[in-house]
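The block underneath contains the structure these notes are about, expressed in structure tokens.
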Amino acid sequence: ARQAQSKVRMSGKRAEGLIELAPSSRRYPTFRFEQVRDSGRDVLKIQGVKKAFGDNHVLHGVDLLVQRGERVAIMGPNGIGKSTLLKIVMGELDADEGESEWGYEAHPAYFAQDHREEFDPPHNTAEGWVWDSCPDRDIGYVRARMAQMLFSGDDSKKRLSALSGGEAARLVFTRLAIARPNVLVLDEPTNHLDLESIEALVEGLKAFPGTLILVSHDRWFVSGLATRIIEIKPEEVRDYHGTYEEYVHFCGDDHLDADRVILKAKTEKRKKTEGRKKTEGQGKTKERGKTEERKKTESRKKKAKGTKQVLEHQEALAASIEQAEARVAEIDEVFCEPAYFERTSPDEVKILEAERTSLQREVAKLTSEWESAEEEIG
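If you count by our numbering, then the sequence shown holds residues 333 to 710, one letter each, in order.
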């Protein structure tokens, strides 16, 4: 997810003419969510839900009413109980106190953060697992729906245990789409998806006529979908009706952008330093004429030299990002080769997966450095 976020931000810079990145050759899956029928107006009612794991109290009395058509993003720091709340409403976990109740004709479908646990038995094929969810359908229907999610040919015959993270996520979404729910409950759905899949998922969810309840750390994903923000805090639950950008403007807290938080702190520190220097220099008002002009000229030259150095650093960072992402694409191509997982040992697969994860982290780090340099230029 972080790799996808960084690539989205870099794409924004490219659109502004600041950087050139090679166009992607990856295919886009098709996320199409249809519902059997509308739910009632009140979709989900949560009253006084509390939950603790031993001495660790994660939910302190949550009250919430979700209505038809809302796209609700549940926010809060790690460990506050966001995923726990979703498990409670889906009946996978009991609350210590309080209750949650689905409304009239509400038919929810759940994308769990630990969705691989649904792959039972793990030796089943991807095609067989999907078909198990709709045994009344013929195999042609199953294969057509899987093809929309980029499963075709040998890909559909892969064992569940051999699927990559992105493939596993797309397969779960295939079953969710076939179920035709009117409520989608999604817990960190973008964690293993690439950029193209995230973009396609956002478009599919925007077109979904039902109700959406989600937990995600992906800022771009939340910004593109949420119409209501629920922030769970230890002392209260903050309920804001509006988009994520409106929420940030209202409360001043951007929980999904660590880079922005760091940048804000650095900016404030720089302003204080500049302010102190300005105060110290206010008494020196008698120096004028050629001396002052000479200092201004030297300052402009120094700034221009500094800007040139920053731009050169940005170019080097961009080149490193492209190189790392090119290698990620190569690994993905290997994973997509026919019968790759059947003819490759698990140890070799793990080595490539580890390399891919390391590269994604490197892309995120380099992108953050690139953006900091962009802010330095102004």
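Yeah, the Cβ is synthetic: ideal placement off N, Cα and C, and Gly gets one too.
Predicted model only: the values in this text are computed from it and were never measured.
Proximity of residue i and residue j at Cβ, strictly below 8 Å
i, j, result
"Asn514", "Gly542", "yes"
"Ile441", "Ser371", "Note on residue identity: the sequence assigns Ala, not Ile, to residue 441. Not closer than 8 Å, so no."
"Asp374", "Gly435", "yes"
"Asp526", "Gly485", "no"
"Leu418", "Val547", "yes"
"Lys490", "Ala511", "no"
"Glu657", "Val681", "no"
"Arg364", "Gly536", "yes"
"Val390", "Thr416", "yes"
"Val554", "Leu588", "yes"
"Lys383", "Gly413", "yes"
Buried versus exposed, by CB contacts within 10 Å (16 or more), residue i
i, result
"Pro521", "buried"
"His581", "exposed"
"Glu352", "Confidence at Glu352 is low in this model, with a pLDDT of 41, below 50, so the placement of that residue should be treated as unreliable; the coordinate-derived value is given next. Under this definition Glu352 is an exposed residue."
"Ile378", "buried"
"Ser690", "exposed"
"Asp550", "buried"
"Asp487", "buried"
"Thr727", "The chain is shown from 333 up to 710; residue 727 falls before or after that span and cannot be answered."
"Leu516", "buried"
"Ala500", "buried"
"Gly556", "buried"
"Ser496", "buried"
"Gly584", "exposed"
"Leu425", "exposed"
"Arg299", "Lying before the first or after the last residue shown, residue 299 is absent from the chain, which here runs from 333 to 710."
"Phe540", "buried"
"Val368", "exposed"
"Val421", "buried"
"Ala494", "buried"
Per DSSP, the bridge partner or partners of residue i
i, result
"Leu518", "Phe443 and Leu546"
"Arg507", "Paired residues: none, contrary to the question."
"Asp374", "Gln399"
"His389", "Ala384"
"Ala405", "Leu546 and Ile561"
"Asp571", "Ile562"
"Val394", "Val381"
"Trp702", "DSSP output for Trp702 lists no bridge partner at all."
"Arg491", "Thr457"
"Trp463", "In the DSSP output, where bridge partners are listed per residue, Trp463 has none listed."
Distance between beta carbons of residue j and residue i, contact taken as under 8 Å
i, j, result
"Arg688", "Val660", "6 Å"
"Gly393", "Gly430", "7 Å"
"Trp290", "Ile471", "This structure cannot settle anything about residue 290, because the visible part of the chain is limited to 333 through 710."
"Asp519", "Ala444", "6 Å"
"Ser465", "Arg502", "Actually they do not touch by this definition, with Cβ atoms about 15 Å apart."
"His652", "Leu698", "Checking the displayed sequence, the identity of residue 652 turns out to be Ser instead of His. So it is a contact: roughly 5 Å between Cβ atoms."
For the segment 544–561 against the segment 404–423, are there 3 or more C-beta pairs whose distance is under 8 Å?
-> At 8 Å Cβ cutoff, the stretches touch.
Counting Cβ pairs closer than 8 Å, one from the segment 528–537 and one from the segment 447–455, do we hit at least three?
-> Segments in contact, no.
Check whether the segment 645–655 touches the segment 693–707, counting contact only when three or more Cβ pairs, one atom from each stretch, lie closer than 8 Å.
-> Three or more Cβ pairs drawn from the segment 645–655 and the segment 693–707 lie within less than 8 Å of each other, which places the two stretches in contact.
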